[in-house]
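First the structure, in the form of structure tokens, and then the observations on it.
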Amino acid sequence: MRHFLLALCLLPATACLGKSPSAPTPVDRSVVLAPGQTAEVADGLTVRFISVIGDSRCPIDAICIQGGDAIVRIDVAAGPARGERDLHTGSMAPITFEGVQVRLLELTPYPFSGRTTEQHEYRATLRVIR
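Under the numbering used here, the first residue of the sequence shown is numbered 3, with each subsequent residue one higher.
Here is the structure:
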């Protein structure tokens with residue numbers, strides 16, 4: 003009878019030995035992507051550079067009153083959640099999606115007057131933090 007009571011008392015303690023949901027792995031990583039490219043930053047966390055949807059930055063060989071802005075559209079997938087967001091070179095403010103912060107560090111090439119930058123030429127350097 004004593005062994006039965008001991009087993010009965012230990013039963014709730016052994017229920018805690020199973021796997022419990024864990025917090026996502028912390029991430030702090032920079033990636034360089036071309037339009038259409040996707041980077042798997044961590045398990046279940048991807049960032050895709052969709053395209054540059056506007057580039058009004060002051061050409062490197064010109065003098066401008068304002069610096070202008072380029073808009074980089076990205077797609078973030080964190081587990082089952084997925085969403086498109088825009089990053090701006092004018093503010094360099096990060097976006098936050100499902101606990102993941104993405105910041106545009108750099109967009110190259112910088113424009114030149116009289117020359118249009120083709121989509122395939124762009125490279126976005128992104129920093130992803132979770």
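Quick reminder that beta carbons are idealized off the backbone N, C-alpha and C, glycines included.
When only Cα atoms are considered, T91 and Q103 end up about 16 Å apart. Non-local C-beta neighbours of C66 in its own chain, meaning closer than 8 Å and more than five positions away in sequence, comprise C60, ordered along the chain. E108 is bridged by DSSP to T127.
Its chain contains V43 and V130 as the residues whose beta carbon lies nearer than 7 Å to that of R31, once the 5 sequence neighbours on both sides are disregarded; these appear in chain order. Under the three-state reduction of DSSP, Q121 is assigned to helix.
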